[in-house]
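Numbering (the numbering used here), first residue to last: 132 to 259.
The structure appears right after this line, and notes come after that.
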């Protein structure tokens, strides 16, 4: 069985139970949100502790990464709003968000090539 990174894995495990999820694989477009091994993950963990009342998840890290990319693109441009994003797209920029690279190439609608998997292993829970 497989699923996407939009699934909150901790909530799914709580609702379905560990045995029902054994050997289920999920595609992940961000690193393990609870690991804290990159600057992006640490900033996300700190922000979630300070401002949110929900647990970290791949979905919250993905949203944080997109927001950070948007803010960085605007800060790097002399123009604001949509015009700043047009500047970013026109320059085929690549930016490092602190362990996750964002790049925009001509004709592409993807900002990242990062892909990983998360697996619910038998008897030992979730593994990224």
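Heads up, the beta-carbon is just placed ideally off N, CA and C, and yes, glycines get one too.
_Residue from 152, 159, 193 whose Cα sits closest to the Cα of residue 171_ = Stepping through the chain shown from its first residue, residue 171 is reached at position 40. Measuring from the Cα of residue 171, the nearest candidate turns out to be 193.
*Using DSSP bridges, identify the partner residues of residue 250.*
In the chain shown, counting from the first residue as 1, residue 250 sits at position 119. Beta-bridge analysis with DSSP links residue 250 to 156, 258.
*What is the residue span of the beta strand (DSSP E) that residue 232 lies within?*
Position 101 of the chain shown, counted from the start, is the residue given in the question as residue 232. Taken as a continuous stretch (DSSP letters only), the beta strand (DSSP E) holding residue 232 covers 232-234.
*If you follow the alpha helix (DSSP H) that residue 203 is part of, which residue opens it and which one closes it?*
Within the chain shown, residue 203 is the residue found at index 72, counting from 1. Unbroken alpha helix (DSSP H) run through residue 203: 189-207.
_Please list the terminal residues of the continuous beta strand (DSSP E) segment that includes residue 227._
The residue given as residue 227 occupies position 96 in the chain shown. Where residue 227 is concerned, the enclosing beta strand (DSSP E) stretches over 225-227.
*asked:* Cutting at 6 Å between CB atoms, please list the residues of its own chain near residue 199, excluding the five before and the five after it.
replied: For the purposes of this step, residue 199 is identified with residue 68 of the chain shown, where counting begins at 1. 228, listed in sequence order.
*Quick one: is the Cβ of residue 207 within less than 8 Å of any heavy atom of the ligand HEM?*
The model on display carries no ligand, and the ligand HEM is accordingly not part of it.
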